[in-house]
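**Student:** After the structure tokens below, expect a handful of questions from me.
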Amino acid sequence: MRQNSKAFNRHGIITLKNVGKINPESIEDFIAHDGYIAFEKALFDMNEDEVIDEVKDSGLRGRGGAGFPTGLKWSFTAPLKVKDKFIICNADEGEPGTCKDRLIMEGDPHKLIEGILIAGYAVRANKGYIYIRGEYYLSIERLGKAIKDAYKHGYLGQKILETNFSFDLEIKVGGGAYVCGEETSLIESLEGKRGLPRFKPPFPGIAGLWQKPSVVNNVETLCNIPDIISKGGEWFRSFGTKKSTGTKIFMILGNVKNPGIIELPQGVTLRELIYEHGGGMEDDKELKCTLVGGAAGCFVGPDLLDIPMTIESLSEHGAALGSGSILVLKEGTNLIALMKNLMHFFKHESCGQCTPCRYGTEKLYRLICKISDDIARNKPDVNDLNEMLETAKMMQKTSLCALGQSPLMPLESAMKYCVIDEFKKRVIK
Amino acid sequence: MHITINGKVYDAKPEQMVIEVARENGIYIPSLCYHPKIGKAGKCRVCVVEVEGIGGLQTSCTTQVSEGMKVVTNSENILEAQRMVVNLMLANGRHDCIKCEQNGDCELQDAAYYLGIENPPYQFGIIEPQIDDSAEMIQVDRSKCIECGRCVAACNNTVVNEVLEFGNRGFDTKIIFDNDLLMGESSCVQCGECVQICPVGALIDKRAIGKGRTWELDKVETVCPYCGVGCKLELHIDRKTDEIVRITGVEDSPTNEGMLCVKGRYGFDFVKSDERLTTPLIKENGKLREASWDEAITLVASKFNGIKKKFGSDAIAGLASAKVTNEENFVFQKLIRREVGTNNIDHCARL
Amino acid sequence: MYKNICKNFEPKRDNLLLILHEIQDSHPQQYITKNAMKYVAEYLKISIAQVKGVISFYTMFSTTPRGKYLIRVCNSTACFIKGSDNVLEILNNILDLEKESITEDNLFSLETCSCLGVCGNAPVMMINKEVYGNLNEKKIKKIISDLKRGNK
Numbered sequence: 003m004r005q006n007s008k009a010f011n012r013h014g015i016i017t018l019k020n021v022g023k024i025n026p027e028s029i030e031d032f033i034a035h036d037g038y039i040a041f042e043k044a045l046f047d048m049n050e051d052e053v054i055d056e057v058k059d060s061g062l063r064g065r066g067g068a069g070f071p072t073g074l075k076w077s078f079t080a081p082l083k084v085k086d087k088f089i090i091c092n093a094d095e096g097e098p099g100t101c102k103d104r105l106i107m108e109g110d111p112h113k114l115i116e117g118i119l120i121a122g123y124a125v126r127a128n129k130g131y132i133y134i135r136g137e138y139y140l141s142i143e144r145l146g147k148a149i150k151d152a153y154k155h156g157y158l159g160q161k162i163l164e165t166n167f168s169f170d171l172e173i174k175v176g177g178g179a180y181v182c183g184e185e186t187s188l189i190e191s192l193e194g195k196r197g198l199p200r201f202k203p204p205f206p207g208i209a210g211l212w213q214k215p216s217v218v219n220n221v222e223t224l225c226n227i228p229d230i231i232s233k234g235g236e237w238f239r240s241f242g243t244k245k246s247t248g249t250k251i252f253m254i255l256g257n258v259k260n261p262g263i264i265e266l267p268q269g270v271t272l273r274e275l276i277y278e279h280g281g282g283m284e285d286d287k288e289l290k291c292t293l294v295g296g297a298a299g300c301f302v303g304p305d306l307l308d309i310p311m312t313i314e315s316l317s318e319h320g321a322a323l324g325s326g327s328i329l330v331l332k333e334g335t336n337l338i339a340l341m342k343n344l345m346h347f348f349k350h351e352s353c354g355q356c357t358p359c360r361y362g363t364e365k366l367y368r369l370i371c372k373i374s375d376d377i378a379r380n381k382p383d384v385n386d387l388n389e390m391l392e393t394a395k396m397m398q399k400t401s402l403c404a405l406g407q408s409p410l411m412p413l414e415s416a417m418k419y420c421v422i423d424e425f426k427k428r429v430i431k
Numbered sequence: 007m008h009i010t011i012n013g014k015v016y017d018a019k020p021e022q023m024v025i026e027v028a029r030e031n032g033i034y035i036p037s038l039c040y041h042p043k044i045g046k047a048g049k050c051r052v053c054v055v056e057v058e059g060i061g062g063l064q065t066s067c068t069t070q071v072s073e074g075m076k077v078v079t080n081s082e083n084i085l086e087a088q089r090m091v092v093n094l095m096l097a098n099g100r101h102d103c104i105k106c107e108q109n110g111d112c113e114l115q116d117a118a119y120y121l122g123i124e125n126p127p128y129q130f131g132i133i134e135p136q137i138d139d140s141a142e143m144i145q146v147d148r149s150k151c152i153e154c155g156r157c158v159a160a161c162n163n164t165v166v167n168e169v170l171e172f173g174n175r176g177f178d179t180k181i182i183f184d185n186d187l188l189m190g191e192s193s194c195v196q197c198g199e200c201v202q203i204c205p206v207g208a209l210i211d212k213r214a215i216g217k218g219r220t221w222e223l224d225k226v227e228t229v230c231p232y233c234g235v236g237c238k239l240e241l242h243i244d245r246k247t248d249e250i251v252r253i254t255g256v257e258d259s260p261t262n263e264g265m266l267c268v269k270g271r272y273g274f275d276f277v278k279s280d281e282r283l284t285t286p287l288i289k290e291n292g293k294l295r296e297a298s299w300d301e302a303i304t305l306v307a308s309k310f311n312g313i314k315k316k317f318g319s320d321a322i323a324g325l326a327s328a329k330v331t332n333e334e335n336f337v338f339q340k341l342i343r344r345e346v347g348t349n350n351i352d353h354c355a356r357l
Numbered sequence: 136m137y138k139n140i141c142k143n144f145e146p147k148r149d150n151l152l153l154i155l156h157e158i159q160d161s162h163p164q165q166y167i168t169k170n171a172m173k174y175v176a177e178y179l180k181i182s183i184a185q186v187k188g189v190i191s192f193y194t195m196f197s198t199t200p201r202g203k204y205l206i207r208v209c210n211s212t213a214c215f216i217k218g219s220d221n222v223l224e225i226l227n228n229i230l231d232l233e234k235e236s237i238t239e240d241n242l243f244s245l246e247t248c249s250c251l252g253v254c255g256n257a258p259v260m261m262i263n264k265e266v267y268g269n270l271n272e273k274k275i276k277k278i279i280s281d282l283k284r285g286n287k
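Here the protein sequences line up with chains B, H and S, keeping their order. One gets the numbering used here by counting positions in the first sequence from 1 and adding 2 to each. One gets the numbering used here by counting positions in the second sequence from 1 and adding 6 to each. One gets the numbering used here by counting positions in the third sequence from 1 and adding 135 to each.
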């Protein structure tokens, strides 16, 4: 059953429920809004496996972009009999056009702490880290205060609420590297090293931080946990679609009347997002296409306006949801210039560890610059586009981590939708 | 355990990576960052293969074997991917083999040869040599570097000198010495481990430049004469002039596992030095004259005997050397204790 | 200065980034000096090359002096669509400097950066720890002149 999204206009349902409503610097205010109730329920009324089963039952999938089932991820780490296990919260929100985690951390930091605590309890971890981007000064400050307050109130530390569960939580800060959003490079960065991705397997759930089992979850993912525990997996499943349960935070940006962030039940269509929640196109221009999921995302055109914006339905159309960022582009947008911006982004953020990405991202950028210059001279060469596509395909096949595999998706989809048209216009001349 | 590579079944040990099994059986998989000494790397992405049941391409240096695993190393899909990766490496460097010291012993050259690459179709512009000539023994040419990271791993994990590291990121990634200094200004002790492990001509022995190409050199194994550790060396000798061109450590030697110190690797001037002593010398009336070993040893023995008779055994002491082996030192202390008859024996390393 | 900062952290490598941030923020010109790098390496018992490797990997760190006010202009997609190039050009003109450099009076330096996570207010920039959104020429001029006035 999908609930009517209009009813929730601009109000959060789960993850953004408290944002803007409560005082983020007051743990008392959070507790007054049923805060830490879910954690206490898990701690006193449920055993570890029951918590995992509830999360599995909810159908929650990771909200960082890959969409891996959260309960399943936890169940790999939970049974491991190791002294140190870690919960790592990925708050290295770097995907261009993504600002959901920041909103939560600044608006409802205790919800994140509660989610981490429940995850820690479920997988029998004793230490948590929140890895926040260095640029998010306010998030670091607010979460820092929230953690202090949680210690004071006995929600963190040794023998929490007089049980045998002990858990410490610490903030670590990034230094400006998009690739650290990838879980293994995030772990390297946590260890105080260059953020170079590791090859998998082993996966972090088995051997992560200091080679110890580590569950890495996104901020939005973890903020779904308290409500799943207090209200149940079944309640959670009442939102969204069968395969994509619950809600999702969407960022509607670019050429819309009211750009902003909104949490909606999954399954909402692009049309609803743009024309209802985004207030329609800026200056009532025609929609050219959208860039869904940030730089590592995918161009989605007007032909897909009415399909549900879920991982599985987008993937049927060769697209991806990613972080939930939707950059709306009006007719007349210079897509070659935007592609140049994207390719510069990849080249700038490549960690440089593996060959295809280190050289490939540079090559893609140089080619798009050439194309851009050639178009200005009205002499674009379609071979350059093909060369870009071939290079991106090879990068997708051979790169070590997702960053090098990413440029193909926006490139291919841009060509499908629009870039080719821009080319044709000029080539025919 | 058995795995199948290109349709043929081979023995494998459970902890092995696919590339190791392939190499043991003479199957060439081009690779650049992998080296047995530094283990799994997975960085260069050239050694990709197909493994049945796993989608996409897998790097064979990071894929552990499992019973019944079926591997293909030479499908068109694989070769095409390998070609594009190697092409990208060639695109960003001054990989001109003609005057390169590594010509004939270069793993990038081998890969390009195997993949049938002549000239890379794409070039990142004209790349000038970027030579750092500041160090005593090692020349660095960054325009030949492929950032495989073997030298960094060798410096940090094998010899643990911790001088080398990657600096910057992305396309600007480069190898740095200390705080991004010139090699000659850094804390590098010139052990040359990085030179030995470099798959291309980016790190080379300075003194070997222009002294002969790899195929012109005879390789002779020997033991380092400098100290008692007994590192195994390989001398690379120009067969025309009979000169040592360079020295490398022998990788499968249990003593040094390929590692050498600056003396063992670069201190071979003495071999053909005019000042080198080739016969014993006896000083007569303040002047040294050449003598035979028999004459010299007889003279020393008679002098020792004379001292022993006149002043007693304890008037004589023996000082052993760190440069000789344990066995030689053992024999020496027997000489001093049993033949001379004194416990006055010590070792130069205690001084 | 940096010695006191180090003392606040356990000498463990995973504190490296936190230490570097604090050292950089405490320097009036927001950068990490060679001496500081050397000290941090000794404090954490890692090589100077490893410290340099980390500093040069992360874009927030600098080993050259920056202005008292460090302006970071977001040039990610959402801001780009809303004219971040324009913002950069305006700033370059007002401050009379080349991209990614520092003004003569050492007051301002200009850098681009990846998404600042304030995409709803694109285009945005951050000056030190403060974020400014919905930028236009008038607004930028006012922000800069206010900062300049505060320094007279």
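From the three backbone atoms N, C-alpha and C, an ideal C-beta is built for every residue, glycine too. Owing to the predicted nature of the structure, the values given are computational and were not obtained by experimental measurement.
Do you know offhand how far residue 162 (chain H)'s Cα is from residue 145 (chain B)'s?
**Tutor:** The straight-line gap from Cα to Cα measures roughly 37 Å.
**Student:** Is residue 257 (chain B) closer than 8 Å to residue 306 (chain B) when the C-beta atoms are compared?
**Tutor:** Cβ distance not < 8 Å, so residue 306 (chain B) and residue 257 (chain B) don't count as in contact.
**Student:** Can you find a heavy atom of the ligand SAH that lies under 7 Å from the Cβ of residue 83 (chain H)?
**Tutor:** Absence of the ligand SAH is noted for the structure shown, with no ligands found whatsoever.
**Student:** Cutting at 6 Å between CB atoms, please list the residues of its own chain near residue 244 (chain S), excluding the five before and the five after it.
**Tutor:** Cβ neighbours of residue 244 (chain S) beyond the five flanking positions: 201, 202, 205 and 237.
**Student:** Along the segment 169-198 of chain B, where does the CB come closer than 8 Å to a CB of chain S? Name the residues.
**Tutor:** Result list: 174, 175, 176, 177, 178, 179, 180, 191, 192, 193, 194, 195, 196 and 197.
**Student:** With distances taken Cα to Cα, identify the nearest neighbour of residue 137 (chain S) among S:174, S:148, S:150 and S:145.
**Tutor:** If we check each option's Cα against that of residue 137 (chain S), S:174 comes out closest.
**Student:** Taking the beta strand (DSSP E) that residue 435 (chain B) falls in, what are its first and last residues?
**Tutor:** Nothing can be reported for residue 435 (chain B): it is not among the residues displayed for chain B, which extend from 3 to 431.
**Student:** Should the segment 354-368 of chain B be called in touch with the segment 316-328 of chain B, which here means at least 3 C-beta pairs below 8 Å?
**Tutor:** No: fewer than three Cβ pairs fall under 8 Å.
**Student:** Tell me whether residue 99 (chain B) is buried or exposed, calling it buried when 16 or more other Cβ atoms sit within 10 Å of its Cβ.
**Tutor:** So residue 99 (chain B) ends up on the buried side.
**Student:** In terms of DSSP beta bridges, what is residue 142 (chain H) paired with?
**Tutor:** According to DSSP, which records beta bridges pairwise, residue 142 (chain H) is partnered with nothing at all.
**Student:** Thinking C-beta only, is residue 101 (chain B) closer than 8 Å to residue 252 (chain S)?
**Tutor:** Yes, the Cβ-Cβ distance between residue 252 (chain S) and residue 101 (chain B) is below 8 Å.
**Student:** Any C-beta of chain S sitting closer than 8 Å to the C-beta of residue 44 (chain H)?
**Tutor:** With 8 Å as the cut-off, residue 44 (chain H) does not count as an interface residue toward chain S.
**Student:** Looking at the secondary structure, which residues open and close the beta strand (DSSP E) in which residue 256 (chain B) lies?
**Tutor:** First-last of the beta strand (DSSP E) with residue 256 (chain B): 249-256.
**Student:** Might you give, ordered along the chain, the residues of its own chain that have their beta carbon closer than 6 Å to the beta carbon of residue 61 (chain B), omitting 5 neighbours on each side?
**Tutor:** These residues qualify, in order along the chain: 239 and 247.
**Student:** Any residues in the segment 389-423 of chain B with a beta carbon nearer than 8 Å to a beta carbon of chain H? Which ones, in chain order?
**Tutor:** Flagged, chain order: 389, 392, 393, 396, 399, 400, 401 and 402.
**Student:** Does DSSP put residue 348 (chain H) in a helix, a strand or coil?
**Tutor:** Here residue 348 (chain H) sits in coil by DSSP.
**Student:** Which bits of chain B does residue 193 (chain S) rub up against, with CB to CB less than 9 Å?
**Tutor:** Within 9 Å Cβ-Cβ: 136, 176, 177, 178, 179, 182, 191, 196 and 197.
**Student:** Among the candidates H:13, H:14 and H:48, whose CA atom is the shortest distance from the CA of residue 23 (chain H)?
**Tutor:** The shortest C-alpha separation from residue 23 (chain H) is found at H:48.
**Student:** Which chain S residues sit within Cβ distance under 8 Å of residue 174 (chain H)?
**Tutor:** By Cβ distance, chain S contributes 191 and 192.
**Student:** Assuming residue 92 (chain B) is part of the alpha helix (DSSP H), what are its boundary residues?
**Tutor:** That residue, residue 92 (chain B), is in no alpha helix (DSSP H); its beta strand (DSSP E) goes 88-93.
**Student:** Checking 8 Å against the spacing of the C-beta atoms, do residue 323 (chain B) and residue 312 (chain B) come in under that value?
**Tutor:** Yes, the pair counts as a contact, with Cβ atoms nearer than the cut-off.
**Student:** What residues in the segment 252-281 of chain B bring their beta carbon closer than 8 Å to a beta carbon of chain S?
**Tutor:** The segment 252-281 of chain B vs chain S, Cβ under 8 Å: 253, 255, 256, 257, 261, 262 and 263.
**Student:** Any Cβ of chain B within less than 8 Å of the Cβ of residue 51 (chain H)?
**Tutor:** For residue 51 (chain H), the answer is yes, since a Cβ of chain B falls inside 8 Å of its Cβ.
**Student:** Below 7 Å CB to CB, which residues in the same chain sit around residue 299 (chain H) once its five sequence neighbours on both sides are set aside?
**Tutor:** Excluding positions up to five away in sequence, the list reads 286.
**Student:** Using the C-alpha atoms, what's the distance from residue 296 (chain H) back to residue 314 (chain H)?
**Tutor:** Their backbone Cα atoms lie some 27 Å apart in a straight line.
**Student:** Touch check for the segment 112-121 of chain B and the segment 139-156 of chain B: three-plus C-beta pairs under 8 Å?
**Tutor:** In short, these stretches touch, since the Cβ pair count reaches three.
**Student:** If you run the structure through DSSP and keep just helix, strand and coil, what is residue 223 (chain S)?
**Tutor:** The answer is helix: DSSP assigns residue 223 (chain S) an H, G or I state.
**Student:** For residue 207 (chain S) and residue 34 (chain B), what's the separation of their Cα atoms in angstroms?
**Tutor:** So the alpha carbons of these two residues sit roughly 39 Å apart.
**Student:** Would you kindly work out how many angstroms separate the C-alpha atoms of residue 127 (chain H) and residue 256 (chain H), rounded to a whole number?
**Tutor:** C-alpha separation (whole angstroms): 38 Å.
**Student:** Starting from the C-beta of residue 108 (chain B), find all residues in its chain whose C-beta is less than 6 Å away, skip the five residues before and the five after it, and write them out in chain order.
**Tutor:** So the list reads 140, 141 and 144, once near-sequence residues are dropped.
**Student:** Would you say residue 137 (chain H) lies against chain S (beta-carbon separation less than 8 Å)?
**Tutor:** No - not a single Cβ of chain S is within 8 Å of the one on residue 137 (chain H).
**Student:** When the Cα atoms are used, what is the spatial distance from residue 91 (chain B) to residue 103 (chain H)?
**Tutor:** The straight-line gap from Cα to Cα measures roughly 49 Å.
**Student:** Within 10 Å of its beta-carbon, does residue 6 (chain H) have 16 or more other beta-carbons around it, so buried, or fewer, so exposed?
**Tutor:** Because chain H here runs from 7 to 357, residue 6 (chain H) falls outside it and cannot be looked at.
**Student:** I'd like the list of long-range same chain contacts for residue 225 (chain S), defined as Cβ closer than 7 Å, with 5 residues on each side in sequence excluded.
**Tutor:** So the qualifying residues of the chain are 272 and 275.
**Student:** Between the segment 162-184 of chain S and chain H, which residues of the former have a C-beta closer than 7 Å to a C-beta of the latter?
**Tutor:** For the segment 162-184 of chain S, which is checked against every Cβ of chain H, the residues closer than 7 Å are 169, 172, 182, 183 and 184.
**Student:** Is the Cβ of residue 274 (chain S) closer than 8 Å to any Cβ of chain H?
**Tutor:** Cβ-Cβ to chain H under 8 Å: no for residue 274 (chain S).
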